[in-house]
Structure formats: structure tokens, C-alpha cells
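In what follows, a single structure is set out as C-alpha cells and then discussed.
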Amino acid sequence: MIEAPRSTGDDLLVLHTLRCIGFAALERVADVAGLQASEAESALIDLAVAGLVTHEPGDFGGWSLTGAGRAADAERIRDELDAAGARAAVTRSYEDFLVLNPELLDLCTAWQMRSADGFATPNDHTDPAYDARVMDRFADFHRRAEPVCDDLAAALPRFGRYRVRLARALTRAVSGAPQYLADDMESYHTVWFQLHEDLLVTLGIPRF
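With the working numbering applied, the sequence shown covers -17 to 190.
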């Protein structure tokens, strides 16, 4: 009998969320982690007591990892991966991700910039037909990215949040908020970048 992948505990899920998104307020940590705000806050308090996260108060305050938290996350994520026996599956998905990654970067560039007569200029979004073509390409890209997200979620359930967040960003963009393609903290590009970071950290691969 094949054992189903185990869910990541709240403490590790919150710790790892901060590792992938950086400094963030409670509400954003909870949203990215897929937790209720009260659940995320409880985990953050426990992590703070353990010296793994720190909180900056104020209107623009938020939570971030300490050096000890960064080291603890790397160790715990490695142990989670190995305990789940998911290293081979996540590695295969990472290779599939790398095939798609250059295309996503090109799409973001196409959305933000336009080329004419050999020169690149900022896209002022005054050409609806051009923007519609780029958005259609995002939708096509997303259809091909979904299986990668599904395979990752099958290996480790915590990866399932990426498909939810990518789909949400694309839906918002198509529904009249195009900043969710490449110009918002929850844009398609931002979520994809965080997935890349998550894969690198999970597999212990240096970014540079």
C-alpha cells in the first residue's frame, strides 16, 4: 500500500513561507501558506519564541526569518523531503519547471516592454490587441504549467498552494486587473518566482 504524502505542519509551513516570500505582514503570510490568520499567528509566535522569526512592529511592520530560522528551515525542509521519499519526484518536476521558466520570463518582458525597429520601449498598454495576445499566451502557458504544479502537490501537498495562487493571479488579470500578470506582489510572475525559490530551497540547490 502506497502511503499518501504527509501534510506539512503549520510551524514549518509558516517558516518556509517566510523563507520563500521574505518580509511580510501576518495577512500575507497566512494567505500564501493557505492558513487562517489565527493559525498563522499562533505558528509565528511559537517560531518567535524559538528565535527563528522576528517581528517588526508598526504600520509597515511584518515578520521575517532570523539567521537561525533560515538554517532551521533548510534542515527541516530537507528532512521533510527525505521522510516523504519525494526527492526524485520533486527533482523531475524541477526539471520540467526549468523548461517552462524561460518562456514565463519572456512573457513578462513582452507584457512590460514592446520592441519596434530594434528598440525596446515600455508597454503603455494603449494597444488592446497586443495586450490581449500576450494575455492569451499567459493562459496557454498556465495550461502547460498546471501539470507541473499537480505533480509537485502529489509529491508534497504544500506545493498545492502554487497552483491556487497562479490560477488566482491569472483570473484576476483576465477579469480586468492586468497588474496581476507581472506588477503586483501576488502577480503571476511573483508567485512563479517564489515557486522557483521554493524548489531551489527544497532541493538544496544554490541560486547562483
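Beta carbons: idealized from backbone N, C-alpha and C, even for Gly. Just so we're clear, the structure is a prediction, and the values are computed from it rather than from any experiment.
Outcome for residue i when other beta-carbon atoms lying within 10 angstroms are tallied against a minimum of 16
{"i": "residue 42", "result": "exposed"}
{"i": "residue 161", "result": "exposed"}
{"i": "residue 125", "result": "exposed"}
{"i": "residue 120", "result": "buried"}
{"i": "residue 9", "result": "exposed"}
{"i": "residue 81", "result": "exposed"}
{"i": "residue 128", "result": "exposed"}
{"i": "residue 147", "result": "buried"}
{"i": "residue 37", "result": "exposed"}
Where residue i falls: helix, strand or coil (DSSP)
{"i": "residue 189", "result": "coil"}
{"i": "residue 227", "result": "No answer is possible for residue 227: it lies beyond the span of the chain, which begins at -17 and ends at 190."}
{"i": "residue 65", "result": "helix"}
{"i": "residue 10", "result": "helix"}
{"i": "residue 73", "result": "helix"}
Close Cβ partners of residue i (< 6 Å) along its chain, the five nearest in sequence each way excluded
{"i": "residue 142", "result": "135"}
{"i": "residue 131", "result": "144, 145"}
{"i": "residue 174", "result": "86"}
Pairwise C-alpha distance: residue j and residue i
{"i": "residue 31", "j": "residue 105", "result": "47 Å"}
{"i": "residue 157", "j": "residue 22", "result": "30 Å"}
{"i": "residue 4", "j": "residue 123", "result": "26 Å"}
{"i": "residue 2", "j": "residue 176", "result": "6 Å"}
{"i": "residue 68", "j": "residue 108", "result": "47 Å"}
{"i": "residue 12", "j": "residue 26", "result": "10 Å"}
Distance cut-off 7 Å: residue i Cβ against heavy atoms of the ligand ZN
{"i": "residue 101", "result": "Judged by which ligands are present, the structure shown has none, so any question about the ligand ZN falls away."}
Proximal residues to residue i (C-beta, below 8 Å), its chain only, five neighbours per side dropped
{"i": "residue 186", "result": "56, 60"}
{"i": "residue 94", "result": "104, 105, 164, 165"}
**Prompt:** Along the chain, which unbroken stretches of the alpha helix (DSSP H) at least 4 residues long are found entirely within the region 83 to 145?
**Reply:** 110 to 137
**Request:** Ignoring anything shorter than 4 residues or poking outside the region 141 to 175, list the alpha helix (DSSP H) runs there in chain order.
**Result:** 142 to 156, 161 to 164
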